[in-house]
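Asker: Here it is, the structure, as structure tokens.
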Amino acid sequence: MVRAILTRMRAQFFLVDYVVWHYTRAMRDGARIVRNLVWFCFHFFSIALLARTLIAPFEKLGEQYPQGFHPAKMLSTFVVNILMRVVGAIVRLVVISIGFLSMAAVLLAGVAAFVVWAIFPFATLGAGITGVLLIIGV
Amino acid sequence: MNFQDLFEQSLYFRHAIRINALVSIPRRLILGRILAVLVIIGLIGITASLAFGMFDLFRLVGFTLLAASAWLVLFALDAYVFSYLFRELTASPRVTFELAEVVLRSDQHDLAAGFLVSSFGGRVWRRLGLLPYDLETFYADRRGTVSALTVPTQRTVNGALYAKALYESDEDLKAFLFTRGVNDEVFAGAVDWVQTEITGWKQRYRWWSVEHLREIPGIGKDWSFGTAYHLERYARAASSLVRVTGLLREYYREEVDHLESVLSRGRSANAVLVGETGSGLRDAIAVFADRITRQIITPQLEHYRVYVLDTDLLIADHSSKEEFEETLVRIFDGALKTENIVIVIEHLPAFLTNAAQLGSNPANLLEGYFEDPRLHVIATSTPDAYYDRLSSDPRLKRWFDRVNMEHDDHVRITRLLEELAVAREGRSLLVTYPAVQAVYESARRYLTGGVMPDVALDLLEEVISLARSKGQDRVTKRFVESVVEDKTGVPIGEADEGERKRLLNLEDILHQKIVGQDAAVSAVSDALRRSRSGVSSPDRPLGVFLFLGPTGVGKTETAKVLADTFFDSRDDIIRIDMSEYSEGDALSRLIGNVGAGMTGMLASAVNDNPYSVLLLDEFEKTTQDVHDLFLQIFDEGVFHDAYGNEVNCRNMIIIATSNAASDTIRSLVGGGEELAAHKHDIIDQLISTNAFRPELINRFDDVVLFHPLSKEDTAAVAERELAKLQIRLNKRGVSFEITQTLVEYLVEHGYDEQFGARAIRRIITGDIEKVISHKLLTGEIKKGDTAVISEEDLASLAKPNPARVVTDGIATRVSNRSPGSDA
């Protein structure tokens, strides 16, 4: 019953429709956009992939182990390969961290946008009225 | 769903539609920019006021706050309208925004009027090639209106569905559009185009959608894979070669699906894309690469990179087999080690051939790589090269799965053309839907020597740039047809008043140049009218005739006149003396021979002049296999040359001549019989004497009988030839009198029942012109005089009858033969 009346009123009066839209669908759409952007950060910084391959050698760089028993050479190869993995892990960790930071930043910006959006009608109205009052010198 | 239901559902969009109608999107954009500038000016003013005390600070703050408030209101309204506009992309409303606009603007007593004044209806109207003036005519002529309609129920009803339902219910609208050349198919096509444009625009606008965001490639995707240094030197990323658009993705969906399933297998997961050059092989590969970038690919192929090998550079860079093979192995080795590479070898058969010239066989060399599950290869090939080079090698067949390119799909190509039209037209030009259709039809039917969709896309580009250079604001069907007419010389599209009259009086026009032969003239006239009115089949030649009759009675002349009338030039004629193709090598001389590196005479002649009359003299004298070749040409309008290239004869009029039943024709006419009554007997005789097989005779549109020329006909031919001489002499300032004596002389000496009226022209050039030139040189005739050939002159001319047999330009004098004698 209430729903039917509201639907009728929304179709009838723009202001009613706007206010309902502003605090329901617009906020849902906003949340969807924030979700998309957070997903984008996750995708752009390849967080899942880099975490999965955290200790893989960077761009497969490394040395082949020598054939036969050459302890010195084998050790040096081992050290080089370990270094490559360490370098790879460091680079990946840096990117993953930047990715998480951007996700957090987007989320924070999203929350802030929500707060702004919630007070948006009042702020706009307030700014308009204040503006007029200041101009006419009241 | 009826109109009332649609109306109630549309109320949901009511306010957004009103705002949009009040201030359109482009105007809101401009207004927003103005307000933003005002806010910035206000802020600068406030800063200046605080620093230097220049202005009234309070008023300035008030002004800035007011501008900011207006800007915020506009922003909120914009967000509100867009939220409704994009609703169908995020939820499932019962109707779309643009349909709601149509419905809410409609007066329930006249739904068509509401549709036509809406922005959706207006766009459809323009795409149909109609003008505002046509709308007035429609209103003025209509008798009744439609106030109810039912739209098929779907999750979301869009403008296209509604427009089609309205079209079906409104007979007046349908009838009016029909008079403007718009039928059901054209209307539906234009409506779908407008709907696709609107939906496409909405999808592109929403930059924040996941579909858009995923197109931005991420960082670190290939850090776990190696770098293929050698490959990168000789290859380029597939994604950098073609700009992949939404429609391209849709266009090549089937091929890329197939490609994906082949490449996601285990061992030997390689594919060969088989399609003609121009069928979009590279585009399909780019779409495949695009799927990987957008991560909408099977998990086995995730993170792969697609590289197109520059095989020409690779071959050109190496002079010896060893160097070439070393580089090739390095490239594949490096690619294999990275574990995420798809190598594309374009034109694999050509690459194998070029490598063979260096003494190398890449197939042997790369066997291990082709079988390795970590590396994938996509090769491309034309269908003919595939049969010649790849399918005959069982190993290559095992390593590479065939994926065919579909190249002539009406719906898919029309979509591509529409996308190109939208991309090229800009603000100052509009391409109508009938024009797009005309581009497709013309490219398929009249433009030879290319593959769809490239031929059609090139034609559209050409048409648009021509329209722009001529300052036109619309590209119409007629404009496309005129461009194609200019390119090909073939008249297409609707005939104008003058041409229509010409076609209806074709017999008279042809008779101005052809003496007698009423049956032949009316048969070819009918064929021309059929072809010009679009009634004839587009998948056959324009006309195929067998002209039967004795020598010198006008068979060749008829063919020439036909070329002149239909193709505007007597030179548009390919004449082949088939008696020269009576040996075993006849077929290969006509279609070419790969082994001998020889191109075919027929294939090259048709390719050089695809819009012409093909005259096959003495058709019965050629071999059986040549007859079989023409059986196919008469039937399908195409044949393949020895190299497998398709040769298109669909824009030709083919005339085969034969004097096989000449004796019968002569004796029938001599006996005073009506030839037409004995047509079947003559055809039976052709079959019983093995001149032609019945299936070949059946392929002709008509078998036309040419009767021997009567004395009156011969006199008419003589007069016509003398008139030509008269014109030539007039140009030199000498008049020439055509006397009855001269005409009679020509009839007596120039006509032979066996060889017809052929000798007349030769007597004129050989004897009459000799007499006149002698008189000119001796001064007997001067400028301004009238040349007359007297009886003495004629008596002094050589006595023997100069009738000669002419075969391919070699004239052979035949001994004294009086008219009436038979050979």
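The listed protein sequences correspond, in order, to chains A and B. Here this note's numbering is used: position 97 in the first sequence is 97, and no number is missing along the way. Here this note's numbering is used: position 781 in the second sequence is 781, and no number is missing along the way. Just so you know, even glycine gets a beta-carbon here, dropped at the ideal spot from N, CA and C.
What residues in the segment 200–234 of chain B have a beta carbon less than 8 Å from any beta carbon of chain A?
Answerer: Within the segment 200–234 of chain B, the residues whose Cβ lies closer than 8 Å to some Cβ of chain A are W208, S209, V210, L213, R214, I216, G218, I219, G220, K221, D222, W223, S224, F225, G226, T227, listed in chain order.
Asker: List, in chain order, every chain A residue whose beta-carbon is nearer than 7 Å to that of B:R59.
Answerer: Near B:R59 (Cβ distances below 7 Å), the residues of chain A are L134, I135.
Asker: So what does A:V132 bridge to, in DSSP terms?
Answerer: Answer is none; A:V132 lacks a bridge partner.
Asker: Ignore the nearest five residues each way along the sequence and tell me which others in B:A456's own chain have a CB closer than 7 Å to its CB.
Answerer: Excluding sequence neighbours, B:A456 sits near I413, L417, V439, Y440, A443.
Asker: Find out if the Cβ-Cβ distance for the pair B:I760, B:E721 is shorter than 8 Å.
Answerer: Cβ distance < 8 Å, so B:I760 and B:E721 count as in contact.
Asker: Looking at chain A, which residues of the segment 73–93 of chain B have a Cβ within less than 8 Å of any of its Cβ atoms?
Answerer: Going along the segment 73–93 of chain B in chain order, one finds V73, A76, A79, Y80, S83, T90 with a Cβ nearer than 8 Å to chain A.
Asker: Classify B:W125: buried if its beta carbon has 16 or more other beta carbons within 10 angstroms, exposed otherwise.
Answerer: Buried: at least 16 other Cβ atoms inside 10 Å.
Asker: Under 8 Å, do B:V256 and B:F288 count as touching if we go by C-beta distance?
Answerer: Yes, the Cβ-Cβ distance between B:V256 and B:F288 is below 8 Å.
Asker: Can you give the Cα-Cα distance for B:S391 and B:D401, rounded to whole angstroms?
Answerer: Those two C-alpha atoms are separated by around 10 Å.
Asker: Measure the Cβ-Cβ separation of B:L447 and B:L460 and say whether it is below 8 Å.
Answerer: No; because the gap between Cβ atoms is not below 8 Å, this pair is not in contact.
Asker: Taking Cβ-Cβ distances below 9 Å as the criterion, which residues of the segment 324–346 of chain B are in contact with chain A?
Answerer: Those would be K337, T338, E339, in chain order.
Asker: Please list, in chain order, the residues of the segment 52–71 of chain A that have any C-beta partner in chain B closer than 7 Å.
Answerer: Listed by position, the residues of the segment 52–71 of chain A near chain B (Cβ gap below 7 Å) are T53, A56, F58, E59, K60.
Asker: Which residues mark the beginning and the end of the alpha helix (DSSP H) in which B:T353 is found?
Answerer: Where B:T353 is concerned, the enclosing alpha helix (DSSP H) stretches over 348–357.
Asker: Do the segment 690–710 of chain B and the segment 495–505 of chain B meet, that is, are 3 or more Cβ pairs less than 8 Å apart?
Answerer: Segments in contact, no.
Asker: In whole angstroms, what is the alpha-carbon distance linking A:L37 and B:H318?
Answerer: If you take the alpha carbons of A:L37 and B:H318, they lie about 50 Å apart.
Asker: Going by DSSP in three states, B:H376 sits in which element: helix, strand or coil?
Answerer: In the structure shown, B:H376 sits in a strand (DSSP, three-state: E or B).
Asker: Are the CB atoms of B:H15 and A:D17 within a distance shorter than 8 Å?
Answerer: A contact, by the Cβ cut-off of 8 Å.
Asker: Just to confirm the assignment, what range does the beta strand (DSSP E) spanning B:N404 have?
Answerer: Segment 400–404, the beta strand (DSSP E) holding B:N404.
Asker: Does A:A118 come within less than 8 Å of chain B when only Cβ atoms are used?
Answerer: Not closer than 8 Å to any Cβ of chain B, the Cβ of A:A118 fails to qualify, so no.
Asker: Report the three-state DSSP secondary structure of B:P802 (helix, strand or coil).
Answerer: Because B:P802 sits at a pLDDT of 45, beneath the cut-off of 50, its placement in the model cannot be relied upon, and the point is left open.
Asker: Excluding the 5 residues preceding and the 5 following B:V242 in the sequence, name in chain order all residues of the same chain whose CB lies nearer than 7 Å to its CB.
Answerer: Cβ neighbours of B:V242 beyond the five flanking positions: R282, D283, A286.
Asker: Where does B:D822 sit, in a helix, a strand or coil, going by DSSP?
Answerer: Confidence is the limiting factor: at B:D822 the pLDDT is only 35, short of 50, which leaves the residue's position unreliable, though a coordinate-based value still follows. Coil, per DSSP.
Asker: Please report the straight-line C-alpha distance between B:H774 and B:D767, rounded to a whole angstrom.
Answerer: C-alpha separation (whole angstroms): 11 Å.
Asker: Report the CB separation of B:F619 from B:S582 in whole angstroms; it is logged as a contact under 8 Å.
Answerer: About 11 Å; that fails the 8 Å criterion.
Asker: Would B:D170 be called buried (16 or more neighbouring beta carbons within 10 Å of its own) or exposed?
Answerer: Buried, since its Cβ has 16 or more Cβ neighbours within 10 Å.
Asker: Within 10 angstroms of its Cβ, does B:Q357 collect 16 or more other Cβ (buried), or is it exposed?
Answerer: Exposed, because fewer than 16 other Cβ atoms sit within 10 Å of the Cβ of B:Q357.
Asker: Would you give the residue range spanned by the beta strand (DSSP E) that B:I576 belongs to?
Answerer: 573–577 is the span of the beta strand (DSSP E), which, as asked, contains B:I576.
Asker: Beta-carbon of A:L83 versus every beta-carbon of chain B: anything under 8 Å?
Answerer: A:L83 does not count as touching chain B.
Asker: Assign B:N393 to one of three DSSP states: helix, strand, or coil.
Answerer: Reading off the sequence shown, one finds Asp at residue 393 of chain B, where the question assumed Asn. Coil, per DSSP.
Asker: Rounded to whole angstroms, how far is the Cβ of B:D78 from the Cβ of B:R28, which I believe are closer than 8 Å?
Answerer: 6 Å between Cβ atoms; contact.
Asker: Answer yes or no: does any C-beta atom of chain A fall closer than 8 Å to that of B:L375?
Answerer: It does not; no Cβ of chain A falls within 8 Å.
Asker: Is A:G131 close to chain E? Criterion is C-beta to C-beta, closer than 8 Å.
Answerer: In summary, chain E is missing from the structure at hand, where the protein chains are A and B.
Asker: With a cut-off of 8 Å, do at least 3 Cβ pairs link the segment 154–172 of chain B to the segment 97–106 of chain B?
Answerer: Result yes; three or more Cβ-Cβ pairs closer than 8 Å.
Asker: Taking just the CA atoms, how far does B:I682 sit from B:A823?
Answerer: Any reading at B:A823 must be qualified, since the residue scores a pLDDT of 28, below 50, and its modelled position is unreliable; no value is offered.
Asker: Taking 7 Å as the cut-off, is the beta-carbon of B:A316 closer than that to any non-hydrogen atom of the ligand NAD?
Answerer: With respect to the ligand NAD, the structure offers nothing, as it holds no ligand at all.
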